[in-house]
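Student:
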Amino acid sequence: MTDDADTQNTGRRIQSVENACEIIEAVQESQSATLQELSERIELSQGTLHTYLATLTDCGFLSKDDDTYQLGFRFVTMGEHVRNETELYTAGQEEVDKLADKSGEYVHLVVENDGREVAIYERRGEHAVGMDYHLQLREAPQHLHDSASGKAILSCLPDERVEKIIDREGLSRQTQHTITDRETLCDELETIRERGYATNDEEEIRGLRAVGAPILDNDGTVVGAVSVTAPTSRLKGARFDTEIPEMVMEAANLIEVNLEMTSFDRGT
Numbered sequence: 001m002t003d004d005a006d007t008q009n010t011g012r013r014i015q016s017v018e019n020a021c022e023i024i025e026a027v028q029e030s031q032s033a034t035l036q037e038l039s040e041r042i043e044l045s046q047g048t049l050h051t052y053l054a055t056l057t058d059c060g061f062l063s064k065d066d067d068t069y070q071l072g073f074r075f076v077t078m079g080e081h082v083r084n085e086t087e088l089y090t091a092g093q094e095e096v097d098k099l100a101d102k103s104g105e106y107v108h109l110v111v112e113n114d115g116r117e118v119a120i121y122e123r124r125g126e127h128a129v130g131m132d133y134h135l136q137l138r139e140a141p142q143h144l145h146d147s148a149s150g151k152a153i154l155s156c157l158p159d160e161r162v163e164k165i166i167d168r169e170g171l172s173r174q175t176q177h178t179i180t181d182r183e184t185l186c187d188e189l190e191t192i193r194e195r196g197y198a199t200n201d202e203e204e205i206r207g208l209r210a211v212g213a214p215i216l217d218n219d220g221t222v223v224g225a226v227s228v229t230a231p232t233s234r235l236k237g238a239r240f241d242t243e244i245p246e247m248v249m250e251a252a253n254l255i256e257v258n259l260e261m262t263s264f265d266r267g268t
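Numbering of the sequence shown is given in full-length UniProt numbering, commencing with residue 1 and proceeding in unit increments.
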């Protein structure tokens, strides 16, 4: 990275925008950070870094409390706008609520973004547990290979795309049950395609299982997934093997119908 705050166009990428994005990501990862702490992570002079911080603060992307910077509330309203303009959210919100009420567990509606999964909506059922864990899922993009919703999405992507995601993101181990072998993962994706749903058997966090199903648009392209997550003590036996999978696949199908109706109403 250069020490130049001016806008540059190198290989069709604007350096100053990349610098600003790196600063925002560093503040997010740190939750809060001082100028000195950021200067130790980012290859910009303190003077240039201070100029970026002042500009981002003036624009509402950062806030400053004494000498410490945090993300600004502007991201909240922008995030709400992005979500509300997403057809999958509009089509899926009510079905997610119904599935949470029916299952009593945590339900997530997720999309794939740049090789990771992002939760755009969730609903906590009556018996749901692990609130801190689920909050973490909302705050940062997660890997696809170790979650039910992520594997459901991967199973519907072209093979070349799956290979590129694995090459870039890797298959990091979260628990002793995480799939970290490429061939094993590809075999499981084939199984998911055949049966219509994916499972996460303590692969992301010990003590939790999940079931996820892909959501396809009217031309068969995967646009997201819906999943149910619960403790292993409740998600076991027939409930894990048939009951919850049937609920999840039904919800995915209803969301697909809602998407189809939305397209029909628009005449597309």
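The beta-carbon is built from N, C-alpha and C at its ideal position, and this holds for glycine as well.
(1) Would you kindly check if the distance between the Cβ of Ala91 and the Cβ of Asn218 is under 8 Å?
(2) Do Val223 and Ile215 come within 8 Å of each other at the CB atom, strictly closer than that value?
(3) Between the alpha carbons of Ser149 and Leu44, how many angstroms are there, rounded?
(4) Going by alpha carbons, who is nearest to Gly212 out of Ala238, Thr68, Met247, Gly237?
(5) For Ser63, collect the residues of the same chain with a Cβ closer than 6 Å to its Cβ; drop the 5 residues on either side in sequence, then sort them by chain order.
(6) Report, in whole angstroms, the separation of the C-beta atoms of Val111 and Val118, which I expect to be a contact under 8 Å.
(7) How far does the beta strand (DSSP E) with Asn113 in it extend, from its first residue to its last?
(8) According to the neighbour-count rule (16 or more other Cβ atoms, all chains shown, within 10 Å of its Cβ), is Asp146 buried or exposed?
(9) Nearest-angstrom Cα distance between residue 270 and Glu22?
(10) Counting only runs of 4+ residues fully inside the segment 37-124, write out the alpha helix (DSSP H) ranges in chain order.
Tutor: The answer reads as follows:
(1) no
(2) yes
(3) 39 Å
(4) Met247
(5) Gln70, Gly72
(6) 6 Å
(7) 106-113
(8) buried
(9) Nothing about residue 270 can be read from this structure; the chain reaches only from 1 to 268.
(10) 46-58, 74-84, 87-103
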